[in-house]
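First comes the structure, then the notes that go with it.
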Amino acid sequence: MQKILAIALLTWKAAFRFRLFLVVAVLLLGAVVGLPLLIKDDGTARGFTQILLTYTLSAITALLGMSTLWLACGTLARDIEDCQIQVVAVKPIARWQIWIGKWLGLVSLNAALLALSGLSVFALLQYRATRLPEAQQQILRNEVLVARGSAREANLDVEIAREADRLLRERLEKNPTSQADLPEVRRQILEQVKAEYQLVQPGYIRQWDIDLSSGRKSLSGQPLFIRIKFNAADKSSSGTFTLMVQAGAPPLAPWRSEALSLAPDTFHEVEVPSSFIGADGKLSIAILNPNDTALLFPLDEGLEVLYREGSFGLNFARGLGIIFCWMALLATIGLASASFLSFPVAAFFSLGLLVITLSSGTIASAVNDGTLMGFNSETGSKGSSVFDLVVIPVFRSILTIVNLAKDFSPVDALSGGRSITWGMLGRAAAQIIGVLAGLFGVFGIWIFNRRELATAQGTQ
Amino acid sequence: MAILAETALSNTVAAQPDKRETIVAVRGLTKIFKDFWGRPKARAVDDVDFEVRRGEVFGLLGPNGSGKSTTVKLLLGLLHPTKGHIEVFGRSPRHVATKARIGYLPEESYLYRYLNSRETLDFFGNLFELSRSDRNNRAEQLLEMVGLNQARLRAVGEFSKGMQRRIGLAQALINDPDLVILDEPTSGLDPIGCREVKDLIVALARRGKTVILSSHLLADVEDVCDRVVIYYGGKIQAMGTLRELLATPDAIRITTPALPRATLERVMEIIRQDVAQDKVHIDTPTQNLESYFLEVVRKARTAAADTSGATSGARVAKYLRGDPEGEAASDRILERLAAPAASAAPDLNPAPAETVDQAKLAALTQPAAPAPEAAVEKPGQAAEPSFDEANDKLSGLLGKKS
Numbered sequence: 001m002q003k004i005l006a007i008a009l010l011t012w013k014a015a016f017r018f019r020l021f022l023v024v025a026v027l028l029l030g031a032v033v034g035l036p037l038l039i040k041d042d043g044t045a046r047g048f049t050q051i052l053l054t055y056t057l058s059a060i061t062a063l064l065g066m067s068t069l070w071l072a073c074g075t076l077a078r079d080i081e082d083c084q085i086q087v088v089a090v091k092p093i094a095r096w097q098i099w100i101g102k103w104l105g106l107v108s109l110n111a112a113l114l115a116l117s118g119l120s121v122f123a124l125l126q127y128r129a130t131r132l133p134e135a136q137q138q139i140l141r142n143e144v145l146v147a148r149g150s151a152r153e154a155n156l157d158v159e160i161a162r163e164a165d166r167l168l169r170e171r172l173e174k175n176p177t178s179q180a181d182l183p184e185v186r187r188q189i190l191e192q193v194k195a196e197y198q199l200v201q202p203g204y205i206r207q208w209d210i211d212l213s214s215g216r217k218s219l220s221g222q223p224l225f226i227r228i229k230f231n232a233a234d235k236s237s238s239g240t241f242t243l244m245v246q247a248g249a250p251p252l253a254p255w256r257s258e259a260l261s262l263a264p265d266t267f268h269e270v271e272v273p274s275s276f277i278g279a280d281g282k283l284s285i286a287i288l289n290p291n292d293t294a295l296l297f298p299l300d301e302g303l304e305v306l307y308r309e310g311s312f313g314l315n316f317a318r319g320l321g322i323i324f325c326w327m328a329l330l331a332t333i334g335l336a337s338a339s340f341l342s343f344p345v346a347a348f349f350s351l352g353l354l355v356i357t358l359s360s361g362t363i364a365s366a367v368n369d370g371t372l373m374g375f376n377s378e379t380g381s382k383g384s385s386v387f388d389l390v391v392i393p394v395f396r397s398i399l400t401i402v403n404l405a406k407d408f409s410p411v412d413a414l415s416g417g418r419s420i421t422w423g424m425l426g427r428a429a430a431q432i433i434g435v436l437a438g439l440f441g442v443f444g445i446w447i448f449n450r451r452e453l454a455t456a457q458g459t460q
Numbered sequence: 461m462a463i464l465a466e467t468a469l470s471n472t473v474a475a476q477p478d479k480r481e482t483i484v485a486v487r488g489l490t491k492i493f494k495d496f497w498g499r500p501k502a503r504a505v506d507d508v509d510f511e512v513r514r515g516e517v518f519g520l521l522g523p524n525g526s527g528k529s530t531t532v533k534l535l536l537g538l539l540h541p542t543k544g545h546i547e548v549f550g551r552s553p554r555h556v557a558t559k560a561r562i563g564y565l566p567e568e569s570y571l572y573r574y575l576n577s578r579e580t581l582d583f584f585g586n587l588f589e590l591s592r593s594d595r596n597n598r599a600e601q602l603l604e605m606v607g608l609n610q611a612r613l614r615a616v617g618e619f620s621k622g623m624q625r626r627i628g629l630a631q632a633l634i635n636d637p638d639l640v641i642l643d644e645p646t647s648g649l650d651p652i653g654c655r656e657v658k659d660l661i662v663a664l665a666r667r668g669k670t671v672i673l674s675s676h677l678l679a680d681v682e683d684v685c686d687r688v689v690i691y692y693g694g695k696i697q698a699m700g701t702l703r704e705l706l707a708t709p710d711a712i713r714i715t716t717p718a719l720p721r722a723t724l725e726r727v728m729e730i731i732r733q734d735v736a737q738d739k740v741h742i743d744t745p746t747q748n749l750e751s752y753f754l755e756v757v758r759k760a761r762t763a764a765a766d767t768s769g770a771t772s773g774a775r776v777a778k779y780l781r782g783d784p785e786g787e788a789a790s791d792r793i794l795e796r797l798a799a800p801a802a803s804a805a806p807d808l809n810p811a812p813a814e815t816v817d818q819a820k821l822a823a824l825t826q827p828a829a830p831a832p833e834a835a836v837e838k839p840g841q842a843a844e845p846s847f848d849e850a851n852d853k854l855s856g857l858l859g860k861k862s
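Residue numbers (my numbering), protein chains in the order written: chain S, 1 to 460; chain H, 461 to 862.
This is the structure:
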């Protein structure tokens with residue numbers, strides 16, 4: 001361990017002596033302090049705080065990510081190019097220990113920089129919050145500076161599929177269809193059934209049954225927030241639609257909102273006292289659509305109940321923990337590429353990987369369409385190409401790997417006051433560090449172990 | 461005064477089997493550098509065989525690009541052989557246990573430029589898992605030895621080439637290695653530094669350490685090496701002890717203090733009875749430039765001239781002498797440097813001999829006289845005056861540190 005720590009400490013010294021630590025720290029702090037002066041918000045304290053969190057954490061992630069990649073590529077590739085590795089590798093230290101030592105140095109450096117910038121963001125938020133009026137502070141503490149758990153309606157996919165199959169059978173009994181059309185018929189029926197579950201016709205009510213029993217302990221005395229998002233079939237002259245919300249657990253008297261005027265296609269939160277939850281932790285929510293237009297509440301994000309689960313501080317720390325996992329992955333990618341490439345090529349290669357990761361939306365749409373040739377959503381027909389036979393499975397594999405890291409969105413969660421659980425952090429650590437960084441690390445160490453280290457001539 | 465006469469003395473240097481432990485064994489070693497597509501680009505080392513035994517100072521000699529450094533890097537596991545086999549301490553050179561016993565000074569200063577001397581030694585000490593106190597002690601002794609104790613807090617990147625060689629040498633010795641591999645160790649060093657390095661090599665060898673020295677500087681190799689291989693074009697062109705390689709079997713040299721003309725005439729007359737006039741040469745020996753330079757510096761130092769560069773190193777670090785009291789028997793090597801008859805240390809003020817040994821002279825000029833027994837002896841295995849006297853002389857010569 002003494003050897004590994006010596007290498008890690010060397011990485012720290014290099015970062016300090018080359019003033020990289022100082023420059024990155026100043027940039028990070030500049031972003032944290034400077035961005036609030038530049039960003040535009042909706043004028044509310046909540047909106048400003050949400051945007052502030054989003055921008056500062058995104059800036060920290062981007063800056064730290066780039067510097068991590070750069071340093072990771074440089075710390076190993078430069079050692080090889082400048083031949084210092086020749087003096088180190090002939091000492092009684094295994095190559096994997098050199099590699100791990102450098103990785104440890106990088107991730108500990110990242111941890112320090114992330115802690116420094118994270119603490120600055122946290123302190124800035126708390127400071128700004130204390131300068132707001134009490135009512136605004138309360139809103140912030142309830143909706144943003146908090147860790148809120150989420151509960152949704154039970155998953156209806158199986159029920160919808162079963163219903164679609166039943167309808168298909170009935171239709172087949174009435175009007176026998178040729179076998180070739182069956183999948184398309186079933187798909188259409190499925191969409192129809194799904195629409196029925198999502199749609200609330202004018203004058204109708206849709207009810208959601210939410211199970212809050214798991215988080216009930218932390219709910220006592222804390223308000224609940226019903227988070228709603230809907231789409232409208234038509235536009236309204238005012239741009240908003242009226243909704244009425246009722247929540248409770250029969251036979252107790254329910255809580256009922258006043259008529260709410262809400263805009264479609266965006267999220268709204270409605271506060272409900274937690275005392276209306278039933279003894280078994282069940283809460284039924286009904287929404288009346290008094291408009292003359294049908295409203296659609298998407299199954300995945302139409303309605304959920306948010307409840308206070310923990311403090312913002314710890315949640316923020318867990319969010320930074322996930323960002324740290326990303327940084328550890330970038331450090332691994334940088335080191336792995338520097339294990340077999342020269343510094344500029346390694347940096348280019350690593351950045352290329354990063355670009356592929358960030359552009360995975362395009363890959364995802366190709367995988368969803370099942371073709372590179374384009375998908376006609378109106379006719380449901382898709383182009384075809386021999387390339388698809390190879391490219392789509394490759395894209396699917398890439399997407400699976402990329403999603404191991406992209407499954408987590410700590411910035412969105414923090415700015416939305418959503419809880420990042422320990423389980424989520426553990427999963428992030430397992431997927432991002434354990435699996436992804438592990439794979440890159442094993443590859444990097446293997447190739448570094450095989451590499452001839454004395455082929456480079458010194459460039460000092 | 462020296463008399464060189466070509467005689468019919470036969471060289472009976474006999475190769476005696478060396479029973480010392482084999483430290484490095486190289487068999488059929490070949491290294492071919494290839495291009496990106498795997499096509500052969502250069503055959504740097506070509507079917508090389510040699511062995512290095514414990515306590516030897518083994519020289520790799522050859523012009524630039526002859527394969528010396530490649531061989532060194534193969535020995536260190538930094539390059540992989542294309543063909544052939546290398547064993548160091550009976551194991552692969554890449555084995556951690558092997559590397560723990562090796563000290564390596566590369567051909568250039570490949571040290572971290574942002575670390576200072578003290579941090580550099582501490583870092584490498586950590587790689588050998590030395591305790592903090594060991595690291596501190598050894599770093600202090602090494603910095604003292606290489607004359608960098610006044611530059612301990614300066615970044616290595618700010619050092620002159622000579623100073624970088626000194627700190628490089630210090631890091632190579634932090635683990636008290638059993639095998640020291642030095643690639644062009646005197647490159648960039650001033651004559652005083654060169655002498656110190658050579659003294660150190662001899663002192664290490666006296667302690668049973670094995671030294672492999674790669675150099676194209678013939679004087680370095682000649683001064684310290686027991687055995688050499690001479691490379692050219694990646695192949696070994698010659699290998700053997702210096703005595704084997706350099707002996708001129710058909711000539712002898714007699715060196716005496718200045719003789720009265722009459723005595724000289726008598727000697728010449730005896731010699732001319734067996735050797736033709738044109739085969740006998742008489743000249744006055746001159747000291748070499750290195751000796752002369754060292755004497756000038758010694759005088760300047762005595763006059764206390766200031767310098768802002770590296771100072772001369774002090775005595776060999778205690779732990780390298782293998783004796784915590786600093787009075788190790790190995791330091792008797794210093795005697796060689798001070799003794800008049802020693803080969804490496806110049807005899808600046810030779811004392812005149814009292815008489816010419818006529819009997820020995822007569823014996824040498826006898827054609828049938830037996831040749832001296834061949835023995836591979838280190839330069840330092842000459843007469844051994846007291847340690848203190850020798851050490852004082854060296855300290856005076858190189859500038860003893862307080």
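By construction, the Cβ of each residue, glycine as well, lies at the ideal position given by its N, Cα and C atoms.
Treat the numbers as computed from the prediction; the structure is a model and nothing was measured.
Grouping DSSP H, G and I as helix and E and B as strand, with all else coil, what is residue i?
i                      : result
residue 570 of chain H : coil
residue 305 of chain S : strand
residue 296 of chain S : strand
residue 564 of chain H : strand
residue 207 of chain S : strand
residue 580 of chain H : helix
residue 183 of chain S : helix
residue 282 of chain S : strand
residue 510 of chain H : strand
residue 318 of chain S : helix
residue 606 of chain H : coil
Does any residue of chain H have a CB that is nearer than 7 Å to the CB of residue i?
i                      : result
residue 93 of chain S  : yes
residue 411 of chain S : no
residue 90 of chain S  : yes
residue 454 of chain S : yes
residue 193 of chain S : no
residue 83 of chain S  : yes
residue 102 of chain S : no
Is there a Cβ from chain S that is less than 7 Å from the Cβ of residue i?
i                      : result
residue 637 of chain H : no
residue 794 of chain H : Legend: pLDDT at residue 794 of chain H = 34, less than 50; position of this residue unreliable, value from coordinates given subsequently. False, the Cβ-Cβ gap to chain S never drops below 7 Å.
residue 603 of chain H : no
residue 673 of chain H : no
residue 789 of chain H : Any reading at residue 789 of chain H must be qualified, since the residue scores a pLDDT of 38, below 50, and its modelled position is unreliable; the value itself is stated next. Output row for residue 789 of chain H: interface = no.
residue 556 of chain H : yes
residue 583 of chain H : yes
residue 524 of chain H : no
residue 629 of chain H : no
Would you mind giving the Cβ-Cβ distance between residue i and residue j, rounded to the nearest angstrom? I have them listed as a contact below 8 Å.
i                      : j                      : result
residue 205 of chain S : residue 287 of chain S : 7 Å
residue 521 of chain H : residue 640 of chain H : With 8 Å as the limit, residue 521 of chain H and residue 640 of chain H do not qualify as a contact, their Cβ atoms being about 17 Å apart.
residue 321 of chain S : residue 414 of chain S : In fact, because the Cβ distance is near 11 Å, the residues do not count as touching under 8 Å.
residue 346 of chain S : residue 15 of chain S  : With a Cβ gap of about 18 Å, residue 346 of chain S and residue 15 of chain S do not count as contacting.
residue 658 of chain H : residue 680 of chain H : 7 Å
Could you tell me which residues DSSP puts in a beta bridge with residue i?
i                      : result
residue 518 of chain H : H:672 and H:687
residue 692 of chain H : H:695
residue 490 of chain H : H:543
residue 503 of chain H : H:492
residue 701 of chain H : H:687
Positions along the stretch 5-30 of chain S whose CB lies within less than 9 Å of some CB in chain C: Absent from the structure: chain C. Protein chains present are S and H.
Length at least 3, wholly inside the stretch 202-277 of chain S: the beta strand (DSSP E) runs in chain order: The DSSP assignment places complete beta strand (DSSP E) segments of no fewer than 3 residues inside the stretch 202-277 of chain S at 205-211, 224-228, 241-248, 260-262 and 268-272, in order along the chain.
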